[in-house]
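Before any comments, here is the structure.
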Amino acid sequence: MSKKTSLEMEVKDLDLWYDTKQALKKVNMPVYKNKITAIIGPSGCGKSTLLRCMNRMNDIIDKCRIEGEILFDDKNVYRKNYDVVELRKRVGMVFQKPNPFPKSIYENIAYAPRIHGIKKKKSLDGIVQQCLKDAFIWEEVHDRMESSAMGLSGGQQQRLCIARALSIEPDIILMDEPCSALDPIATAKIEDLMRVLVKDYTVVIVTHNMQQAARVSDYTAYMYLGELIEFGETEQIFENPQEELTEKYITGRFG
Amino acid sequence: MLLKRTVKEDVIKFFFFMLAAVSIFIVFFVIYFLFSESLPAFQEYGFSIFESEWSVPREVYKIGAALFGTAIVTIGAMIIAIPLGLLVGIFLSEIAPFHIRTILKPVIELLAGIPSIVYGFLGATLLVQYLQPSFDLLKGISLFAGSLVLGIMALPIIISISDDALKAVPRDLKEASLALGATKWETIKKITFPSAISGVSAAIIMGMGRAVGETMAVSLVVGNIMQIPVPPFDIFESGSTLTSIIALEMGEATGIQTYSLFACGVILFIIVGTMSVTSNLLKERVEKKYKGG
Ligand SMILES: Nc1ncnc2c1ncn2[C@@H]1O[C@H](COP(=O)(O)OP(=O)(O)O)[C@@H](O)[C@H]1O
Ligand SMILES: [Mg+2]
């Protein structure tokens, strides 16, 4: 934590209900620029829910109600008339299960730039190549750009999905347990990739794997039953937790 | 013990093999019967069987008018049912709020299950009576009325099956698209709909199949006159279809007339068979493209 840190996004007093069930309770959390923030906690504690608030993916869920603020560029993303499309262009997302489109490898990456108005083949070619290189998958796919993305291995698919998320040139990349469906080798590749990406992007990762959080993240947030129990630098959280609940969890006494 | 079990399995296997063999035999028998009974008509007329002349007094039975009628009525029905059906299917699966969907979906499935004679009856009474004065027609009975009735009948099938196909597209694909900043409409157009294309084509072909093969409803509203209108695309004229001519004349047909009616059956068989093969090929091709490998 050498370089100075500045705020990229800030969650303030966020409450969220699925119908009548409250899934987030007065959550406050900073997201620092060019850092990896890990959200850990037992299953069902609201990690994915919190992450999906950051690009407003919960909007598409019926009967989901949200109070509180998320500040991004000093603007509350939940205020009226906030441009959700613009937000999602700046906050990319990688999902738990690799979910490439059933299209060619090329089309997977070119999809978003096309939608956002880039038509020229040359420009698209350039973006596709750059994103695939940035996601460390270019070497493996450059000679089969037109074949279906569904033919790739799980780990390759997930790196393709990361490349796809890069194609919108986001400021933040959200990752929801991106390695939970992958074997250890593919996991290691993605963890390495995260450390490289964080030089240019801000990364928020949800994981139920504490070792992973300890290995890759700069900051860690521990959640329990919809509340954010403790937030701090990763070293501090793992070596000197201030809250009893956090200590219990990281020492493996429950969860 | 072990021996007993394998014997039991063999018996069961044999039983199912016999069932399969019997059904295949029946299918081949029907096809053989259809073709052999129509053969004399094809021998008599050759290719001129596709001309339009059907006359009991002159004893000429060429099926061109019926084939024309089936084609026109089916095309008309599809022009009505495909765009409307797909739009409603998309609305139902992707846009409609939950409570509207829960009401609409069963209603549409119910409509698909209504016996065709009911549609024909409604068509003959309501539609035809309305068409007559509003289009200043001698008779409301026409190929156009047939198109309308068939279009309405095909609609619930196309809606229901395309809705199922769209609903089957994994949610995480839609989420991936939305998370990239695509709008709901862009996501439907570029991800959901293309991913469901095999099911959607199946929906269209099922709808067409119903239109081509439908008999009762059509025979009540098309007029059943074996003629090609002049000019041919005057769809407000009466006509006939392959199905309605069989239904109406098979009872009293003799000699070459019977063979010609069987020829109508053969043509129907070929049309519907081609459609079903096409839909399967389409599905396979799409699956290969999307499921990778
Ligand atoms: N779409 C939803 N509708 C209703 N309840 C949900 C929905 N998604 C999640 N929940 C509930 O909200 C709580 C938090 O879920 P989630 O954020 O997925 O937890 P985590 O990612 O930490 O495992 C859980 O109790 C879960 O059952
Ligand atoms: Mg989760």
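Going down the list, the sequences are from chains A and B.
The working numbering puts the first sequence at residues 970 to 1224.
The working numbering puts the second sequence at residues 4 to 296.
A virtual CB, placed ideally from N, CA and C, is assigned to each residue, including glycine.
Quick one: what does DSSP say G1123 (chain A) is sitting in, helix, strand or coil?
helix
For C267 (chain B): DSSP bridge partner residues:
Beta-bridge pairing links C267 (chain B) to no other residue.
If we ignore side chains and look at the alpha-carbon of each, how far apart do K1072 (chain A) and A1104 (chain A) end up?
One alpha carbon belongs to K1072 (chain A), the other to A1104 (chain A), and they sit about 19 Å apart.
Give a yes or no on whether 8 Å exceeds the smallest Cβ distance from G242 (chain B) to chain A.
no
Note down, in chain order, each residue of its chain lying with its Cβ closer than 6 Å to the Cβ of L1214 (chain A), except the 5 sequence neighbours on either side.
Y1193, I1198
Establish whether the CB of N1027 (chain A) and some CB of chain B are separated by less than 8 Å.
Chain B, which has no Cβ nearer than 8 Å to the Cβ of N1027 (chain A), makes this no.
Per DSSP, D1236 (chain A) is paired with what?
Given a span of 970 to 1224 for chain A in the structure shown, any question on residue 1236 (chain A) remains unanswerable.
Going along the chain, which residues of the segment 192 to 205 of chain B sit with their C-beta nearer than 9 Å to a C-beta in chain A?
K193, I194, P197, S198
Does E178 (chain B) come out as helix, strand or coil in the three-state DSSP assignment?
helix
Of the listed residues A:T1189, A:Y1191, A:G1124, nearest to D1161 (chain A) (C-alpha basis):
A:G1124
Hey, A68 (chain B) and I231 (chain B): beta-carbon distance below 8 Å or not?
yes
Cβ separation of P1067 (chain A) and N1077 (chain A), assumed to be a contact under 8 Å, to the nearest whole Å:
Contact doesn't hold; Cβ gap of about 11 Å is too wide.
Cβ closer than 7 Å: which chain A residues qualify as neighbours of F101 (chain B)?
By Cβ distance, chain A contributes D1031.
Taking DSSP as the reference, what is the three-state secondary structure of T1220 (chain A)?
coil
Selection from B:I27, B:F20, B:I160 that minimises the alpha carbon distance to A205 (chain B):
B:I160
Cut-off 7 Å between Cβ atoms - residues of its own chain near S971 (chain A), not counting five sequence neighbours on either side:
Caution is warranted here: a pLDDT of 46 is assigned to S971 (chain A), below 50, making its placement in the model unreliable, and no coordinate value can be reported.
Please report how far the alpha carbon of R104 (chain B) lies from the alpha carbon of I93 (chain B), in whole angstroms.
11 Å
Where the alpha helix (DSSP H) containing V203 (chain B) begins and where it ends:
200 to 216
Is K1016 (chain A) near ligand 2, judged by its Cβ being under 7 Å from some heavy atom?
yes
Report buried or exposed for L22 (chain B), applying the criterion of at least 16 other Cβ atoms within 10 angstroms of its Cβ.
exposed
Going by beta-carbon coordinates alone, are S243 (chain B) and G49 (chain B) separated by less than 8 Å?
no
Across the segment 1040 to 1056 of chain A and the segment 1117 to 1132 of chain A, are there enough close Cβ pairs to call them in contact, namely three or more that are closer than 8 Å?
no
Considering only C-alpha positions, which residue in the set A:Q1205, A:I1206, A:G1013, A:C1100 is nearest to L1135 (chain A)?
A:C1100
By the criterion of Cβ-Cβ separation under 8 Å, what are the contact partners of G210 (chain B) in chain A?
Neighbours of G210 (chain B) on chain A: none; closest Cβ ~25 Å, over 8 Å.
Give me, in chain order, the residues of the same chain whose beta-carbon lies closer than 7 Å to that of E240 (chain B); leave out the 5 immediate sequence neighbours on both sides.
S145, L146, P232
Rounded to whole angstroms, what's the CA-CA distance from S123 (chain B) to E54 (chain B)? Just pull it up for me.
The sequence shown places Gly at residue 123 (chain B), rather than the Ser named in the question. About 28 Å.
Per DSSP, which one or two residues make a beta bridge with R1034 (chain A)?
A:W986
Assuming the contact rule is C-beta atoms closer than 8 Å, F1200 (chain A) and M998 (chain A) should be a hit. Round their C-beta distance to whole Å, please.
Contact between F1200 (chain A) and M998 (chain A) holds: their C-beta atoms lie close to 6 Å from each other, under 8 Å.
A1190 (chain A) - containing beta strand (DSSP E), residue span
1188 to 1193
Against chain B, does K990 (chain A) count as a neighbour if the rule is that its beta carbon must be under 8 Å from one of theirs?
no
Classify V1054 (chain A) as helix, strand or coil using the three-state DSSP reduction.
helix
Give a single yes or no on whether V1175 (chain A) has its beta carbon closer than 7 Å to a heavy atom of ligand 2.
yes
Within 9 Å of chain B by C-beta, residues of the segment 1041 to 1058 of chain A in sequence order:
V1053, V1054, E1055, L1056, R1057, K1058
In its own chain, which residues sit with a C-beta less than 8 Å from the C-beta of A1150 (chain A), not counting the 5 before and 5 after it?
Q1065, K1066, P1067, G1123, Q1127
Under a Cβ-count criterion, where at least 16 other Cβ atoms within 10 Å of its own Cβ denotes burial, should Q1211 (chain A) be classed as buried or exposed?
exposed
How many Å lie between C1148 (chain A) and I270 (chain B) at the Cα?
57 Å
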